Structure formats: C-alpha cells, structure tokens
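Number 25 in the working numbering belongs to position 25 of the sequence shown; there are no gaps in the numbering.
Virtual Cβ for every residue (Gly too), placed ideally from N, Cα, C.
Being a predicted model, the structure only gives us computed values, none of them experimental.
A short worksheet on the structure shown next.
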Amino acid sequence: MGMLAAALMLSGCGGAGGLTAGWPFSRQAAGPAASQSAPAVPADPVLAFAARSQPGAQDRITLADGQPATARLVRAYNAASGRECREVAVVTSAGERARVICATPEGSWAETRILLRGGGIPRP
C-alpha cells in the first residue's frame, strides 16, 4: 500500500497543475526553430533582394539614395569559406555594377568584396 500511495503522490506532482508546473527548469527545451525569430529584413534594398531571390530573378528597387534601379540575381554559390553567397547585378542610369552578398553566421546578409576580375558579371 505504501508503494501505491507514493506512486499516486509522484504522478500528481508531475502533471500540468502539479508542483513543477511553474518551475522554469522542468520545461522541455525548445528547439532552435522555436527560440529563434525570423531574420530581420535588411535595410539595404539590394541585400533584401538578394535574401529573398533565386538565380535569374529580376526586380525594380529603389536604392538607399533614392535612385531607381533594376536588380538581377546573377548566381548563387558557396564560397570557399563555406558561406552561401549571391552575386547581384544592379543597373542604374549610370551603368551596371556587381555586388556580392553573403550570408552571415547570425542568419543575416552582408556585402563582401568581389574577388573575380571584371566584377563577376560576364561581359560580351
């Protein structure tokens, strides 16, 4: 009978309304998806375009200085560092400029310098 009483007492403490309900260390650890919020949308319109687009995508954007431009995602690749990178061609009235955007360990995107001669965009 003592075992039955002990089992009933222990089962009552482990339930939703038991003694451990408010104890923070008794909760199951949330997975990484639950504890991390979605990455913030970058303020730079080219970074935002690169973050949401796939190769071949093209869109009209307004640059940070207010100038209209066309952004085209030329390619996506993994850099030697292992980071995911995306090459974006930005076309304005002044011409075309390549920008390379790479993922950061924090889950956001940042511009990096171009290592390819000619800016990476194929020239005719």
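TODO: Using a Cβ-Cβ cut-off of 7 Å, state whether Q58 counts as contacting chain D.
DONE: The structure shown contains no chain D; it holds only a single protein chain.
Open item on the list: Need the endpoints of the alpha helix (DSSP H) that A71 sits in, please.
Closed with: Unbroken run through A71 is the beta strand (DSSP E), P68 to N78; no alpha helix (DSSP H).
Open item on the list: Mapping the DSSP letters down to three states, classify R113 as helix, strand or coil.
Closed with: coil
- [ ] Can you grab the Cα-Cα spacing for the pair P42 / T104, in whole Å?
- [x] In this structure, the alpha-carbon of P42 lies about 12 Å from that of T104.
Task: Rounded straight-line distance, which links the Cα of P55 to that of I101 - done: 13 Å
Task: A98 - partner residues in DSSP beta bridges - done: Answer is A89, bridged to A98.
TODO: Using only alpha-carbon positions, find the residue among S108, A98, L47 and D65 that is nearest to L115.
DONE: A98
Open item on the list: If I measure Cβ to Cβ from A69 and keep anything under 7 Å in the same chain, skipping five residues before and after, which residues do I get?
Closed with: I61, L63, V90, V91 and T92
- [ ] Could you tell me if E87 is buried or exposed, where buried requires 16 or more neighbouring beta carbons within 10 angstroms of its beta carbon?
- [x] buried
Task: Cβ pair W109, A57 closer than 7 Å - done: The answer is no: Cβ separation not under 7 Å.
TODO: Would you mind reading off the limits of the alpha helix (DSSP H) that contains R52?
DONE: P45 to R52
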